[in-house]
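Asks:
Residue numbers (my numbering), protein chains in the order written: chain A, 2 to 340; chain B, 2 to 340; chain C, 2 to 340; chain D, 2 to 340.
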């Protein structure tokens, strides 16, 4: 922490700040400048709340320096984590592709899409049985029946199932039927859910919150890991900004930003990240070119009839085209340069 | 819903869109213009997902018209809801003041603050026993022990207790010890928690999410109400923007905006809404002047030693000054004009 | 400036950073911590660009400490500036009210509004002769003819004229006919225009840019003042955020934030700041309650026929009601507490 | 335009809205629904200001439908514009690369960078002689002397010069020495400057404003084109959001979004778009993968000593590596699919 004193702070103000720092068990290092004094604080093990210092007499600003990361950090583990899901993986040399419908609607739909996904060489199938919907009157998913259909897909195709849990009891069910627990953007700071997922044996795909700072996202992963589950995949899915030509603004700079701080793999969701069918392909290519470890893509056999998020779902043909394009880009840039 | 066709859409494209609308059970009304045709859609009972229409041939844009509000809406209930909490209330003629420390730290602290709050004439006491913290390593609250201290405060002072529940089991505990269930900003779209609160006999104070649109906030309230609990108080606590001189940007226009659509009362949180002690007073005054039904304020007997959010907590003296100022403003503007 | 070294930075990395700092004419002060070293930099007279340091080996982060304010700063001038405009003023004890139509449309309209404004006791009349419009095909204002009408209003009523200049030649014209030069939000960082206004004898009303940080806004004022014109009034008019229930999000926390750093007066524009007629009154009250030195309000004799920004303009009756309400609030809070 | 009436609007309210529409010269088409009436408006040639309708009795909402684009629109010109600059071009089959230092500092620096740029096969050289700086005390550029150095580079290397004009007199100078006029983000809505550039014979590179909506950006281009200059290149350079891991958030979805509406070419600025050296390479690749027509890149021979924006400038070696990577990606995706 760094405390910057006001230009007119007195010796006494400085002494008082030093006293409070010492009382809290830290060490103050005053550095007088030509116009004002700065006080560096050392000796803190974890993060210190800087805000109370702002109210002390003579303090102009308190600036946090140490970042409170531990298990997510490259300081702890310099090499990238490869999350293994049976014989498939995310974060390794191969580009991970996770595809499927937004919501599980019925057996026919799911199998039609799954067959195309399997044939494309993707190893992961996505589909929601529990749907977080803005309105209580919108379709909320098939629940356990949906999970059973997904388990059948796994049986029939060998695809690994990625599906969302909305609450702690949902994690119990997902553990029974699926392979990867998805935590949605709206739940990124649902700390009870994060802790429960941290006690699971399944890997966790953690979506970035709608307006999450990088630190908050990584600390959400830290919640999962602090319970003992180190298999976390981060998913950038767009953030909320003033822009209205997209549903969300896909922040691809998050990929190099995460890489610089953390060893966790990052996948990109160009479907929710844009909200428009015609943007999914160019942004999927861009995500891979920026160094993503994988993509999560919405595909539907009849997008115009989809019960949720139809506008952004690709048709089966569009999906196949996308897979060949992103693989070609992945081949060009591999081994993925970090920047 | 309104569907705008492209300038070069053919008769056939229009017919196909009309066919899909009809197939979904709605009625299309085509209005040809000089350069393009628009198709109004009627006959939908609830909200329709507009997005799938965007992918039909010849469609330029699909625009949602009907808002999916039901129980929160002034259409249903034109007069403002007054939420009763025992002999106190929020939304009535008197300005509701909810004050107390961010976190319950210990008995002494809580009683010192509570005594000042009671003496100020406020009817509600706030204090967190379960704290949602960005880092898993930060102080997480005293849990049930904290709730017990709050229950003692209620016993001793008659103040009504407002406290946050982070998950469904937390609601069980809050119901046992407190008077109003607070749902925090990070949980505004934790739909399982909203439904659980909707099945409670206690009123719910629902904070606006960090980047929640007005519609999403009202629909979160709709989740609670759709389970049968109509006693919901909305709380504006600032939203996340690019600005960095405040922790959040307090959006006071939310007060008249909610009023125009909904009968639910609105309170303002200038403490989290600004994050700085020196901003709490002017923004509290502003909230009341904008027509808020109440304020929720952080007060601490030793803000510089507070375990969470110390920078924004008022001292006991500042709090007493604030109460007299906001009451004077409330007297000037009453009966609160809607705009 | 503070430079934070990485945990694995070597002695040599630190020495190199110190060398670069010294070479630039500054003084490095290394403070070794348990896990990493921080280097405080002193000796810089003005702002230093911190970014190049980020690319030196072993550097984790470079943090700017000194703010590059000079003439706008309370360090230079602790007491608030009162901007005098003939016998009227902004920043003094009386609440300054600046009212009038968005655009000057014709003589009849302007005089109808001006008569009401004068009668209300306001001292300033606003009206645009040059309108910055998003589309080149929208009404762009009457130009010099509009200024002439405004000068007639001044003659007839004694009201001081506040009107916008869009470019350097516009400042020449505004100087000829009006009393205060308004710089619009879109031009807040039009540095050539700021410098030209800085060489004017007229006071400048400087609107905050649509997404301006506090520092950028104050430095725009610094541009004007650095040319010798110290009569600057800041105007908060809402910023662009994700929210869609308002045209802009009015950031009233800017009032105490400016106060803490600068001696310049601040007025609030609830008309552009909300974009909706029904929000102007509550937000005007809120602005005054937050400590604003004045308001700038759009009024029109026939808002439904206004050629620009009609939705937010008040009717003459609404305006008169607003003036009495905000004066009552101003009386309650005076002398305006800083927070 | 579409006007949605309130549920409780009377026949008379509807008749009054129809009357106003007719009075304005348009045609109303009322479509009664089960709960409310909508009124479609046709007959308008250009954009209509929707806002005044909001204040009429019984109106719930007024929704703009027609977009006010004309010259920028694919409706007018379906094939993409190729902007020719002598024997070079932007928008054609070849990826356009514009590279050079942020600011022209001295002859040696500029020639050192230019030699590398020429050797890489790029056709455009960038460098600022007039620098828009947030602080009046920061380095403002060499002015005309800088332009003369750039003209020497052109002479010596054949590279086309892209450089910024800050005001109308700056355009005069840029026309004398350079090949493409850059309009910076802060000036995107400096309408006097846009009009002046529209009367130039040189192509214009128009950067997106810090918080510009897509419509506003395209209408800024419309300003240039409405004066007769059709050679406009759009440049996405990141927008301002809450995120702090980057200087700006690069919005690559702007590429397909512009393509769908406009025939103008789009280039990406990953240097300002991220603000960090280590992010430039991955985001440059991403921009090309998303379908950009070109890149504008900051390169410096000694980034750690750069007088402006040093942190984001690439070294000469990094730049050469970048060019080979983005060309490989461009080869893979050509012919650039629109989505």
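Virtual Cβ for every residue (Gly too), placed ideally from N, Cα, C.
Anyone know if the C-beta pair for residue 265 of chain D and residue 233 of chain D falls short of 7 Å?
Replies: yes
Asks: Which residues in the same chain have their Cβ closer than 6 Å to the Cβ of residue 231 of chain D, if we skip the five residues on either side of it in sequence?
Replies: none
Asks: Check this for me: beta carbons of residue 330 of chain B and residue 293 of chain B, under 7 Å apart or not?
Replies: Contact annotation: residue 330 of chain B and residue 293 of chain B have beta-carbon atoms that are not nearer than 7 Å.
Asks: Rounded to the nearest angstrom, what separates residue 325 of chain B and residue 318 of chain B at their Cα positions?
Replies: Residue 325 of chain B and residue 318 of chain B have their C-alpha atoms spaced approximately 11 Å apart.
Asks: Quick check on the burial criterion: 16 or more other C-beta atoms within 10 angstroms. Buried or exposed for residue 173 of chain D?
Replies: exposed
Asks: Between the region 269-287 of chain B and chain C, which residues of the former have a C-beta closer than 7 Å to a C-beta of the latter?
Replies: 275, 279, 280, 282, 283, 284, 286 and 287
Asks: What residues are listed by DSSP as bridge partners for residue 318 of chain A?
Replies: None, per the DSSP bridge assignment.
Asks: I need the DSSP call for residue 227 of chain A, collapsed to helix, strand or coil.
Replies: helix
Asks: Quick check: what's the CA-CA separation for residue 120 of chain B versus residue 6 of chain A?
Replies: 36 Å
Asks: From the beta carbon of residue 64 of chain D, is the nearest beta carbon of chain B less than 7 Å away?
Replies: yes
Asks: Using the Cα positions of residue 160 of chain B and residue 112 of chain B, report the straight-line distance between them to the nearest angstrom.
Replies: 12 Å
Asks: Who are residue 32 of chain B's beta bridge partners in DSSP?
Replies: Per DSSP, the beta-bridge partners of residue 32 of chain B are B:39.
Asks: Taking Cβ to Cβ, would you say residue 301 of chain D is nearer than 7 Å to residue 102 of chain D?
Replies: yes
Asks: By the 7 Å beta-carbon criterion, what residues does the region 211-229 of chain B contribute toward chain A?
Replies: 211, 212, 217, 220, 223, 224 and 227
Asks: Kindly list the residues whose CB is nearer than 7 Å to the CB of residue 81 of chain A, restricted to its own chain and excluding five residues on each side of it in sequence; keep chain order.
Replies: 92, 264 and 266
Asks: Looking only at its chain, what residues have a beta carbon closer than 6 Å to the beta carbon of residue 333 of chain B, apart from the 5 residues adjacent to it on each side?
Replies: Nothing meets the Cβ criterion.
Asks: Is the Cβ of residue 333 of chain B closer than 7 Å to any Cβ of chain C?
Replies: yes
Asks: Based on the DSSP secondary-structure assignment, which residues constitute the bridge partners of residue 205 of chain B?
Replies: B:182 and B:233
Asks: By alpha-carbon positions, which one of D:175, D:229 and D:27 ends up nearest to residue 163 of chain D?
Replies: That would be D:175, whose Cα lies nearest to the Cα of residue 163 of chain D.
Asks: When the Cα of residue 110 of chain D is compared with those of D:151, D:97, D:77 and D:136, which residue comes out closest?
Replies: D:151
Asks: To the nearest angstrom, how far is the alpha carbon of residue 280 of chain B from that of residue 320 of chain B?
Replies: So the two alpha carbons sit approximately 13 Å from each other.
Asks: Decide yes or no for the touch test of the region 218-230 of chain C against the region 194-202 of chain C: beta carbon pairs closer than 8 Å, at least 3 of them.
Replies: yes
Asks: Between residue 194 of chain A and residue 216 of chain A, how many whole angstroms is the CB-CB distance? I'm expecting something under 8 Å.
Replies: Contact between residue 194 of chain A and residue 216 of chain A does not hold, since their C-beta atoms are separated by about 19 Å, which reaches or exceeds 8 Å.
Asks: In chain B, what lies closer than 7 Å to residue 190 of chain A by C-beta?
Replies: 133 and 187
Asks: Check distances from the C-beta atoms of the region 234-246 of chain B to those of chain D and list, in chain order, the residues that come in under 9 Å.
Replies: 241, 242, 243, 244 and 245
Asks: From residue 165 of chain D to residue 219 of chain A, what distance separates their C-alpha atoms?
Replies: Computed Cα separation, rounded: 39 Å.
Asks: Find the nearest neighbour of residue 138 of chain C within the set D:183, D:70, D:248 and D:184, judged by alpha-carbon distance.
Replies: The option with the nearest alpha carbon to residue 138 of chain C is D:70.
Asks: Which residue comes first and which comes last in the beta strand (DSSP E) that contains residue 63 of chain B?
Replies: 60-64
Asks: Taking the alpha helix (DSSP H) that residue 80 of chain C belongs to, which residues open and close that run?
Replies: Looking at the DSSP string, residue 80 of chain C is not in any alpha helix (DSSP H), and its letter there is neither H nor E.
Asks: With a threshold of 7 Å between beta-carbons, can residue 76 of chain C be considered close to chain A, or not?
Replies: yes
Asks: Measure the alpha-carbon distance for residue 327 of chain D versus residue 327 of chain A and round it to whole angstroms.
Replies: 15 Å
Asks: Indicate whether at least one CB of chain C lies closer than 7 Å to the CB of residue 340 of chain A.
Replies: Residue placement at residue 340 of chain A is flagged as unreliable, the pLDDT there being 41, under the threshold of 50; a coordinate-derived value is accordingly withheld.
Asks: Is residue 242 of chain D helix, strand or coil by DSSP?
Replies: coil
Asks: Mind checking whether residue 22 of chain C and residue 42 of chain C have CB atoms under 7 Å apart?
Replies: yes
Asks: Could you please tell me which residues of the region 90-122 of chain A, in chain order, have their CB closer than 9 Å to any CB of chain C?
Replies: none
Asks: For the beta strand (DSSP E) holding residue 296 of chain B, just list the boundary residues, first then last.
Replies: 295-299
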